[in-house]
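Numbering (the UniProt record's numbering), first residue to last: 1 to 503.
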């Protein structure tokens with residue numbers, strides 16, 4: 001048998017066929033596979049196979065292996081199965097693969113051939129394979145364009161959603177919104193960590209305020225509180241660039257950090273960081289800190305990654321600035337501008353909360369109303385500026401002798417109210433007496449004249465409220481009544497449930 005068919009009647013003369021084949025852009029071939037599928041060769045293959053791939057046609061006429069060796073390893077995994085299927089079904093064989101060109105580069109080719117069963121059970125295919133590299137490049141470009149369009153649309157949708165959440169956030173919910181932003185950005189970009197750091201005013205320490213970690217990634221936030229960075233000279237230089245030029249810090253590979261960043265490299269390596277972005281966050285024209293993302297393994301970042309993260313940092317900056325403004329406005333409404341203490345507007349709902357906790361858990365607390373004795377006389381005789389200084393200094397004494405868990409408020413004029421939490425009646429009396437002693441010992445100076453002041457106090461404990469409902473108004477009314485009893489008793493004394501007490 002001669003699979004090439006050259007001896008059959010009506011066959012084209014070999015020279016004419018070769019000339020026709022040379023005019024075809026691709027490679028014409030006939031491919032033969034034995035019945036047991038162990039032997040294969042090309043009875044005919046046009047000369048372009050050598051021009052294009054550097055494979056000798058004469059070699060292929062004895063063994064087809066060298067043609068299969070130019071197929072890209074990733075594209076040749078199932079070629080044997082596809083040939084076997086075509087041989088068994090006698091369906092046309094169509095296959096696409098990258099072939100190694102004579103210059104070593106790979107280009108896409110597509111093979112089309114029709115099988116024909118031979119009398120001995122072997123199979124002979126007639127066909128050609130032609131270059132489709134341009135179409136594959138176009139296909140890849142379209143696929144990348146589609147993917148990029150999808151990415152950009154997804155990013156815009158994400159930014160719109162986060163912007164809406166920040167616009168609608170209520171006071172006190174900023175932390176939840178930041179956590180959601182970090183989570184969303186972390187998942188969208190496929191990073192391992194996303195976080196927010198705040199600098200100290202002198203930029204010599206920083207604190208991790210918010211953090212998101214991908215599943216299985218170690219959290220770092222607990223160990224990143226008030227971290228002293230004064231000795232990290234390379235990082236300090238980057239902070240200056242953030243401050244002076246609003247520059248994004250990009251570390252593509254921690255292992256490639258310069259020698260002067262030795263300390264920074266050690267810290268980042270201990271954290272497991274391979275690469276990272278840090279984008280400055282601004283509030284009212286001041287560098288507040290930075291928003292960042294980490295990758296724990298080497299990765300290829302988008303070229304516009306810094307620009308995209310700047311958009312996110314802009315969202316964060318705007319939300320934080322708005323929240324800071326709302327905090328300032330709230331503080332102005334619930335704080336006394338002279339002393340900085342909370343006022344009645346804050347005190348009443350706070351007392352409601354304390355009472356609610358007391359009712360649920362039985363927590364004890366006491367309330368004391370302080371009044372500066374003869375304060376009107378100070379204003380009239382020494383002037384309101386001196387009176388203001390007395391109020392400010394008395395506030396300092398109160399804060400020095402109370403705990404952070406206690407509530408200290410200016411109730412009005414020269415009256416101050418302190419809620420002592422988790423104390424008994426005996427504890428409260430000792431605390432009040434200590435404050436009274438500190439006030440009596442304090443010396444005030446006005447126009448080279450030294451003078452002292454005293455205070456009168458009315459106090460009560462929530463445990464006394466057994467008959468009437470315990471409300472903020474009822475508590476304050478009882479403390480106020482006892483305050484007036486103290487003033488009627490000659491001032492500079494305390495009146496509580498046990499009666500009148502003096503130093």
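C-beta: ideal position from N, C-alpha, C; glycine also.
Source: prediction; values computed, not measured.
When the Cα atoms are used, residue 426 and residue 374 turn out to be separated by approximately 28 Å. Counted as a single uninterrupted DSSP element, the beta strand (DSSP E) harbouring residue 196 occupies residues 193 to 199.
Excluding sequence positions up to five before and after residue 246, its CB lies within less than 7 Å of the CB of 280, all in the same chain and listed in chain order. For residue 280, the enclosing beta strand (DSSP E) has its first and last residue at 275 to 283. In the structure shown, the three-state DSSP call for residue 103 is coil. Inside the UniProt domain "GGDEF" (363 to 499), DSSP marks whole beta strand (DSSP E) runs of 3 or more residues at positions 365 to 372, 407 to 412, 415 to 421, 444 to 446, 449 to 451, 455 to 461 and 494 to 496, from first to last along the chain. The DSSP-derived three-state label of residue 81 is helix. Shown here, residue 339 sits in coil according to DSSP, grouped into three states, outside any helix or strand. Scanning 229, 240 and 210 for the CA closest to the CA of residue 220 turns up 210. Separation of the CB atoms of residue 189 and residue 293 is rounded to 6 Å, and the pair is thereby assigned contact status at 8 Å. Under DSSP, residue 292 forms a beta bridge with 195 and 278.
Assignment of beta-bridge partners to residue 33 by DSSP yields 40 and 123. Where residue 205 is concerned, the enclosing beta strand (DSSP E) starts and stops at 205 to 213.
Apart from the 5 residues on each side of it in sequence, residue 32 sits with its Cβ closer than 7 Å to the Cβ of 3, 40, 41, 43, 122 and 124 in its chain, given in chain order.
Contact annotation: the region 420 to 438 touches the region 451 to 463, with at least three C-beta pairs closer than 8 Å.
Here residue 90 really is in contact with residue 115; their C-beta atoms are around 5 Å apart, less than 8 Å. For residue 250, the enclosing beta strand (DSSP E) starts and ends at 249 to 251. Rounded to the nearest angstrom, the Cβ distance from residue 46 to residue 27 is 5 Å, consistent with a contact under 8 Å.
Rounded to the nearest whole angstrom, the CA to CA distance from residue 339 to residue 437 is 21 Å. Residue 420 is a Cβ neighbour of residue 366, given a cutoff of 7 Å.
A distance below 8 Å between beta-carbons, with the five flanking residues on each side excluded, links residue 334 to the following residues of its chain, in chain order: 342, 343, 345 and 346.
Spatial neighbours of residue 368 in its own chain (CB-CB distance under 6 Å, excluding positions within 5 residues in sequence) are listed in chain order as 418, 432, 457 and 459.
When secondary structure is reduced to three states using DSSP, residue 90 falls in the coil class, being assigned neither helix nor strand.
Inter-segment contact for the region 441 to 453 and the region 474 to 481 is absent: fewer than three beta-carbon pairs are separated by less than 8 Å. Rounded to the nearest angstrom, the gap between the Cα atoms of residue 60 and residue 216 is 54 Å. Taken atom to atom, the span from the alpha-carbon of residue 358 to that of residue 222 is near 32 Å. Residue environment for residue 151: exposed (fewer than 16 other C-beta atoms within 10 angstroms of its C-beta). In this structure the region 145 to 164 touches the region 177 to 188; the number of beta carbon pairs closer than 8 Å is three or more. Our two residues, residue 87 and residue 81, have alpha carbons roughly 10 Å apart in a direct line.
About 14 Å separates the beta carbons of residue 97 and residue 127, which is beyond the 8 Å limit, so they are not a contact pair. Within the model, the alpha-carbon separation for residue 376 versus residue 414 is close to 9 Å. When the Cα atoms are used, residue 191 and residue 102 turn out to be separated by approximately 41 Å. A straight-line Cα-Cα distance of about 11 Å links residue 320 and residue 173. Residue environment: residue 36 is assigned as exposed (fewer than 16 neighbouring CB atoms within 10 Å of its CB, all protein chains considered). In this structure residue 406 is buried. Its beta-carbon is surrounded by 16 or more other beta-carbon atoms within 10 angstroms.
Contact check for residue 141 against residue 108 fails: the beta carbons are separated by 7 Å or more.
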